[in-house]
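A short write-up of the structure that comes next.
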Amino acid sequence: MAVGVDLKDGAIAIQGWRETAPEPAEAFFQRLVDWGVRTVICTDVSRDGMLGGTNVALYQSLAERLPLQLIASGGVSSLEELRRLKALGLYGAILGKALYTGALSLRDALGEVE
């Protein structure tokens, strides 16, 4: 099982991404760890579906602080980004718009991470 966490400007996005939760994101992530969650799909909603590049700095910060299997989502649009996320030790990345618009081929993406 994976828990999905949507972030907007570093805060947990709620209400269809229009608002942010009062609880700090770091505290929520720590609660997930305390509950025994191992895998988190983390979406940077400010980049989701934009093909503008993923927030590598966000995922680096989370990976350095949290003992979680992180799956990056939101804006992943190039092989270079996949290389950088892999180098951070992320568990995976979600590809969406980059695949169905042809900006990135699945074959190339899989070749990069295998």
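Note that full-length UniProt numbering has the sequence shown beginning at 1, numbered continuously upward. Here a beta-carbon is modelled for each residue, glycine too, at the ideal position from N, C-alpha and C.
Residue i versus residue j - alpha carbon distance
{"i": "E23", "j": "L88", "result": "26 angstroms"}
{"i": "L68", "j": "A93", "result": "14 angstroms"}
{"i": "V37", "j": "L104", "result": "31 angstroms"}
{"i": "R18", "j": "A57", "result": "23 angstroms"}
{"i": "L85", "j": "G74", "result": "12 angstroms"}
{"i": "A13", "j": "E64", "result": "22 angstroms"}
Boundaries (first-last residue) of the beta strand (DSSP E) holding residue i
{"i": "Q60", "result": "Taken as a continuous stretch (DSSP letters only), Q60 belongs to no beta strand (DSSP E), being part of the alpha helix (DSSP H) at V56 to R65."}
{"i": "V5", "result": "V3 to K8"}
Spatially closest choice to residue i from the options, by CA coordinates
{"i": "residue 119", "options": "T39, L32 and D44", "result": "Any question about residue 119 goes unanswered here, given that the chain covers just 1 to 114."}
{"i": "G102", "options": "G4, L79, Y91 and K86", "result": "L79"}
{"i": "L7", "options": "V33, T54, M1 and D34", "result": "T54"}
{"i": "V33", "options": "L66, A2 and G96", "result": "L66"}
Cβ-Cβ distance between residue i and residue j below 8 angstroms
{"i": "L70", "j": "C42", "result": "yes"}
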